[in-house]
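Numbering (the working numbering), first residue to last: 20 to 228.
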């Protein structure tokens, strides 16, 4: 089946037999707010259904060159809203969650990112932090941290570091742990991601204010 946009449900085997020179791949965690809404769509399993479900997204114009990360973030938000409406939008960010979001990138490489440690950082109980994070950001804390780790590993590997070093700086046990996680999340190896894919944003639709 040919088309410009396709929606592929989670855990569904698929392949692109002939693609364009450039493409935007949007990975949405099935457990975040947008993912839960998308899972309600009756997309089916045939490729024709994926393309038909994605057809409304063609109404969103692609950004002109040069493309900034914030341009892609805006585009993705518009695409998701066309499919699931306003229901996916998170609420306002709690001040403690703003602190956590600012803190996490530097903690990925060195530091304790357990829910308990982060909760102590902002004077909340672990349970309260988990609830606030999911409500404010739209995705539970643990998968959000996993996305940050995957991005950090990708950056390290693309800079020429070994797979083992990339795994360690991103908080994975070893290169096998990193490779298995990449394959489970993307269906691709770290080298395939690093060689041909530019990561332009985290998997989060958190408001900026």
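Ideal placement from N, C-alpha and C gives every residue a C-beta, glycine not left out.
Everything numeric in this text was worked out from a predicted model, so none of it was measured.
Would the stretch 166-173 and the stretch 184-191 be scored as touching if the rule is three or more Cβ pairs under 8 angstroms?
Yes, since at least three Cβ pairs between the stretch 166-173 and the stretch 184-191 fall closer than 8 angstroms, the two stretches touch.
Decide if residue 30 is buried, meaning its Cβ has at least 16 other Cβ atoms within 10 Å, or exposed.
By the neighbour-count rule (16 or more Cβ atoms within 10 Å), residue 30 is not buried but exposed.
If I measure Cβ to Cβ from residue 213 and keep anything under 7 angstroms in the same chain, skipping five residues before and after, which residues do I get?
173, 176 and 177
In this structure, does DSSP put residue 38 in helix, strand or coil?
coil
Could you name each continuous alpha helix (DSSP H) segment of 4 residues or more that falls completely within the stretch 121-179, going from the start of the chain to the end?
134-140, 145-156 and 160-177
Using the three-state DSSP reduction, which class does residue 98 fall into: helix, strand or coil?
helix
With three or more C-beta pairs closer than 8 angstroms as the rule, is the stretch 148-168 touching the stretch 122-129?
yes
Is DSSP giving residue 33 helix, strand or coil here?
The three-state secondary structure of residue 33, taken from DSSP, is coil.
Confirm, please, whether the CB-CB distance from residue 115 to residue 151 is below 8 angstroms.
yes
Assign residue 209 to buried or exposed, taking buried as 16 or more other Cβ atoms, counted over all protein chains shown, within 10 Å of its Cβ.
Burial of residue 209 is indicated by the presence of at least 16 other C-beta atoms within 10 angstroms of its C-beta.
If you run the structure through DSSP and keep just helix, strand and coil, what is residue 45?
coil
So, helix, strand or coil for residue 103, using DSSP?
helix
Same chain, Cβ closer than 7 angstroms to residue 228, five either side skipped, listed in chain order:
Residue placement at residue 228 cannot be trusted, given a pLDDT of 37 that sits under 50; what the coordinates show is reported in the next sentence. Closer than 7 angstroms at Cβ, skipping near neighbours: no residue.
Tell me the residue span of the alpha helix (DSSP H) that contains residue 200.
Where residue 200 is concerned, the enclosing alpha helix (DSSP H) stretches over 194-205.
Measure the beta-carbon distance from residue 141 to residue 74 and round it to whole angstroms, keeping in mind my assumption that it falls under 8 angstroms.
Incorrect: roughly 43 angstroms between the Cβ atoms, too far for contact.
Contact set for residue 153: own chain, Cβ-Cβ below 8 angstroms, skip 5 residues either direction
159 and 160
Near residue 147, what residues of its chain come up, given a Cβ to Cβ distance below 8 angstroms and the 5 sequence neighbours on each side ignored?
138
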